[in-house]
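Residue numbers (full-length UniProt numbering): 1 to 182.
Okay, structure first, notes after.
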């Protein structure tokens, strides 16, 4: 059974480094999953939440902390395993029964890769909506301009802090609703 009244919108933050060399020497891991539900009938966005994930292999670099506000210390206190976080998301958001979306391919790709590498069941359905692609198709853009700029183009402002999973998911949901209305 698939439910089409709401779409789950996610945003994933992962360990990252400032230089290409550092990135090649380290393994990216999910450190935050921001999630919310977009109610299609009204455009209301509900259940905005962040799930913090303790990385198993990598550490949060100072560059990553400056970008996301997430530190190794924060993850030790507030973080959980990816498996536990995904089980909570599935339970709270009925992930197996709803379409999910994110801004770009990164969120879907890293989630699939990390679930496969850690032998964790991915709770999300296979029907992923790439909001970036949908926006470019509907608004006839030649190339993506980024979430903040695209919100501006449709008369919306970004709410919250950029590179915060819950805030990014919320704003991506706002963009998705406008795209689906058009």
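Cβ coordinates follow ideal geometry from the N, Cα and C atoms, glycine included.
Exposure label - residue i; buried when at least 16 CB within 10 Å
i: residue 57; result: exposed
i: residue 45; result: buried
i: residue 19; result: exposed
i: residue 107; result: buried
i: residue 212; result: Within the shown structure, residues of the chain are numbered from 1 to 182, placing residue 212 beyond reach of any answer.
i: residue 13; result: buried
i: residue 143; result: exposed
Residue i: CB within 7 angstroms of a non-hydrogen atom of the ligand ZN
i: residue 180; result: The model depicted lacks the ligand ZN and carries no ligand whatsoever.
CA-to-CA distance, residue j to residue i, given in whole angstroms
i: residue 159; j: residue 176; result: 15 angstroms
i: residue 155; j: residue 119; result: 42 angstroms
i: residue 51; j: residue 15; result: 15 angstroms
i: residue 55; j: residue 116; result: 15 angstroms
i: residue 89; j: residue 114; result: 16 angstroms
i: residue 38; j: residue 173; result: 6 angstroms
i: residue 25; j: residue 62; result: 16 angstroms
i: residue 6; j: residue 182; result: 17 angstroms
i: residue 148; j: residue 157; result: 7 angstroms
i: residue 141; j: residue 171; result: 19 angstroms
i: residue 178; j: residue 17; result: 33 angstroms
i: residue 169; j: residue 110; result: 16 angstroms
i: residue 59; j: residue 28; result: 9 angstroms
i: residue 84; j: residue 40; result: 28 angstroms
i: residue 8; j: residue 21; result: 35 angstroms
DSSP-derived helix/strand/coil call for residue i
i: residue 47; result: strand
i: residue 103; result: coil
i: residue 183; result: A question about residue 183 goes unanswered here, because the residues of the chain that appear run from 1 up to 182.
i: residue 130; result: strand
i: residue 115; result: helix
i: residue 97; result: helix
i: residue 31; result: strand
i: residue 78; result: helix
i: residue 64; result: helix
i: residue 139; result: coil
i: residue 12; result: strand
i: residue 87; result: helix
i: residue 120; result: coil
i: residue 161; result: coil
Integer Cβ distance of residue i from residue j, believed to fall under 8 angstroms
i: residue 97; j: residue 11; result: About 21 angstroms; that fails the 8 angstroms criterion.
i: residue 75; j: residue 123; result: That belief does not hold up - the Cβ atoms of residue 75 and residue 123 are roughly 21 angstroms apart, past 8 angstroms.
i: residue 64; j: residue 47; result: So it is not a contact: roughly 26 angstroms between Cβ atoms.
i: residue 91; j: residue 3; result: Residue 91 to residue 3, Cβ: 15 angstroms. No contact.
i: residue 53; j: residue 23; result: Actually they do not touch by this definition, with Cβ atoms about 19 angstroms apart.
Contact between the stretch 126–138 and the stretch 15–33 (3+ Cβ pairs under 8 angstroms): Segments in contact, no.
Three-pair Cβ contact test at 8 angstroms for the stretch 160–179 versus the stretch 66–73: The answer is yes - the stretch 66–73 touches the stretch 160–179, with three or more Cβ pairs under 8 angstroms.
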